[in-house]
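Q: The opening position of the sequence shown corresponds to residue 334 in the working numbering, with each subsequent residue numbered one higher.
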Amino acid sequence: MEYSLPASLVFHRFRKLVLCLMPLAFCLAAGPLSATTSSTTASQAAAVRGYVLWYRNYDSPAIRALVELALKKTPEYGEFQIIRSEELSQGRVLRELTDGQSRLVDIANVATSAEREKSLTAIPFPVDGGLLGFRVCVVMPESLPRFAGIKTLDDLRDSQIRIGQGAHWPDTPVLEANGIPVVTHSRYEILFGMLRNERFECFARGVSEVLYDLELEQDPNLVIEPDLLIAYPMPSYLFVGPEDQETAHRLQLGIERAIHDGSFNDFLRHYYARAVKELDLDERTVITLENPYLSEESRYVGRKTFENLRRRLEVLSR
Numbered sequence: 334m335e336y337s338l339p340a341s342l343v344f345h346r347f348r349k350l351v352l353c354l355m356p357l358a359f360c361l362a363a364g365p366l367s368a369t370t371s372s373t374t375a376s377q378a379a380a381v382r383g384y385v386l387w388y389r390n391y392d393s394p395a396i397r398a399l400v401e402l403a404l405k406k407t408p409e410y411g412e413f414q415i416i417r418s419e420e421l422s423q424g425r426v427l428r429e430l431t432d433g434q435s436r437l438v439d440i441a442n443v444a445t446s447a448e449r450e451k452s453l454t455a456i457p458f459p460v461d462g463g464l465l466g467f468r469v470c471v472v473m474p475e476s477l478p479r480f481a482g483i484k485t486l487d488d489l490r491d492s493q494i495r496i497g498q499g500a501h502w503p504d505t506p507v508l509e510a511n512g513i514p515v516v517t518h519s520r521y522e523i524l525f526g527m528l529r530n531e532r533f534e535c536f537a538r539g540v541s542e543v544l545y546d547l548e549l550e551q552d553p554n555l556v557i558e559p560d561l562l563i564a565y566p567m568p569s570y571l572f573v574g575p576e577d578q579e580t581a582h583r584l585q586l587g588i589e590r591a592i593h594d595g596s597f598n599d600f601l602r603h604y605y606a607r608a609v610k611e612l613d614l615d616e617r618t619v620i621t622l623e624n625p626y627l628s629e630e631s632r633y634v635g636r637k638t639f640e641n642l643r644r645r646l647e648v649l650s651r
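1. Closer than 8 Å by C-beta to Leu361: which residues in its own chain qualify, once you throw out the five before and the five after it? Chain order, please.
2. Below 8 Å on the Cβ atoms is my contact criterion, and I expect Arg495 with Glu534 to pass it. Report the Cβ-Cβ distance as a whole number of Å.
3. Within 10 Å of its beta-carbon, does His593 have 16 or more other beta-carbons around it, so buried, or fewer, so exposed?
4. Tell me the DSSP bridge mates of Ser393?
5. Are Val471 and Leu555 close, meaning C-beta to C-beta below 7 Å?
6. With distance defined between alpha-carbon atoms, name the residue in Asp577, Met567, Asp560 nearest to Glu629.
7. Are Val460 and Asn442 touching if we call contact CB-CB under 7 Å?
8. Output yes or no for whether 7 Å exceeds the beta carbon distance between His518 and Gln423.
9. Can you tell me whether DSSP reads Arg632 as helix, strand or coil?
10. Answer with buried or exposed for Val609, where buried requires no fewer than 16 other C-beta atoms within 10 angstroms of its C-beta.
11. For Gly433 versus Glu623, is the C-beta spacing smaller than 7 Å?
12. One question on the structure: do Phe536 and Leu549 come within less than 7 Å of each other, judged by their Cβ atoms?
13. Exposed or buried, what is Ser393 when buried is set at 16 or more other beta-carbons lying within 10 Å of its beta-carbon?
14. Nearest-angstrom Cα distance between Arg490 and Ser418?
15. Give the secondary structure of Arg480 by DSSP, where H, G and I count as helix, E and B as strand, and everything else as coil.
16. Please report the distance separating the alpha-carbon of Arg632 from that of Gln585.
What follows is the structure in structure tokens.
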């Protein structure tokens with residue numbers, strides 16, 4: 334694959350496909366998707382392309398399964414192996430992808446922003462159906478009374494509840510732009526310790542990731558606040574380096590094929606329906622925030638996600 338497409342053309346072409354087929358993906362019947370990494374014999378090893386996936390994504394069963402699904406759908410690109418990256422912070426990962434020299438990481442799934450889309454190559458498809466922009470609070474039990482009675486954004490501001498976020502996450506400026514106090518750290522793992530030490534009251538985690546987070550933490554003193562859903566347009570994309578057009582094309586083509594043959598809806602049902610049900614999203618008070626940091630294309634995708642939120646929650650709750 335020697336050709337390359339301008340980013341704007343990729344967005345326009347893919348956006349139309351995504352918005353047409355995403356409702357279908359949520360509504361079709363589904364079964365579990367297996368998640369096994371390609372393997373080859375020793376004699377074939379030299380022909381296998383290794384893709385280094387950011388360790389946070391590699392350790393996430395859902396994101397690793399999606400990357401593998403896209404790669405499996407494109408056998409004409411050759412055999413592949415998914416490799417766990419070093420334990421790099423999100424800021425370091427973005428710098429390494431932009432630089433493109435070290436090969437410490439080839440693929441990362443992170444929330445998008447206009448700045449990220451300018452410096453990297455995005456595969457402009459919300460990998461979890463847009464659920465990353467819908468956040469619940471992980472809290473210490475003794476903080477729960479502070480959340481009682483919050484019904485509006487003004488109530489949340491007046492409560493002076495502090496929200497913990499990553500220093501390099503695009504969520505941080507979104508929360509600040511909406512007048513919400515934010516406490517940050519560059520390492521995701523450290524933020525849980527900061528919550529325990531009362532540096533902030535709410536660690537806002539995406540609906541698509543929070544249950545997995547707590548399973549890893551194995552701490553009964555961490556609970557999910559039961560009533561609020563903080564929502565803002567925040568599509569989460571796969572990103573590669575600005576010059577790695579072959580990987581971008583392969584991932585995009587693989588996801589397109591997965592949508593067409595129905596295997597993408599298997600992925601959505603298998604990995605995200607549980608969260609929608611267990612978190613009782615359709616019963617929560619939704620506090621909507623503005624996100625002024627999206628590109629025009631991602632703002633369009635995010636707006637459509639918001640418009641379809643209630644229907645998606647109903648479908649995934651069945």
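All residues carry an ideal CB built from backbone N, CA and C; glycine is no exception.
A: With the given structure in hand:
1. Reading the sequence shown from its first residue, position 28 is the one you call residue 361. Note that Leu361 has pLDDT 32, beneath the 50 cutoff, so the model's placement of it is unreliable and no number is given.
2. Taking the sequence shown and counting its residues from 1, one reaches residue 495 at position 162. Taking the sequence shown and counting its residues from 1, one reaches residue 534 at position 201. Arg495 to Glu534, Cβ: 6 Å. Contact.
3. One-based indexing of the sequence shown puts residue 593 at position 260. Only exposed fits His593, as fewer than 16 other CB atoms lie within 10 angstroms of its CB.
4. Reading the sequence shown from its first residue, position 60 is the one you call residue 393. Ser393 is not bridged by DSSP to any residue.
5. Counted from its first residue, the sequence shown places residue 471 at position 138. Counted from its first residue, the sequence shown places residue 555 at position 222. Their beta carbons are under 7 Å apart, which means Val471 touches Leu555 by this criterion.
6. What you label residue 629 is simply residue 296 of the sequence shown in a count that begins at 1. The candidate whose alpha carbon is nearest that of Glu629 is Met567.
7. Taking the sequence shown and counting its residues from 1, one reaches residue 460 at position 127. Taking the sequence shown and counting its residues from 1, one reaches residue 442 at position 109. Inclusion of Val460 and Asn442 in the CB contact set at 7 Å is warranted, their separation being smaller than that value.
8. As a working note, residue 518 is residue 185 in the sequence shown. As a working note, residue 423 is residue 90 in the sequence shown. Not closer than 7 Å, so no.
9. As a position in the sequence shown, residue 632 is number 299, starting the count at 1. In the displayed model, Arg632 falls within a helix according to three-state DSSP.
10. Here residue 609 refers to the residue found at position 276 when the sequence shown is read from its first residue. So Val609 counts as buried.
11. In the sequence shown, residue 433 corresponds to position 100, counting from 1. In the sequence shown, residue 623 corresponds to position 290, counting from 1. In this structure, Gly433 lies away from Glu623, with their beta-carbon atoms at least 7 Å apart.
12. Counted from its first residue, the sequence shown places residue 536 at position 203. Counted from its first residue, the sequence shown places residue 549 at position 216. Contact flag unset, no.
13. Reading the sequence shown from its first residue, position 60 is the one you call residue 393. Counting Cβ neighbours within 10 Å, Ser393 comes out buried, since at least 16 surround it.
14. Numbered from its first residue, the sequence shown carries residue 490 at position 157. Numbered from its first residue, the sequence shown carries residue 418 at position 85. Whole-angstrom Cα-Cα distance: 38 Å.
15. Sequence index remark: in the sequence shown, residue 480 carries index 147 (1-based). Just to set this straight, residue 480 is Phe in the shown sequence, not Arg. Three-state DSSP puts Phe480 in a helix.
16. Within the sequence shown, the letter at position 299 stands for residue 632. Within the sequence shown, the letter at position 252 stands for residue 585. The alpha-carbon atoms of Arg632 and Gln585 are separated by roughly 20 Å.
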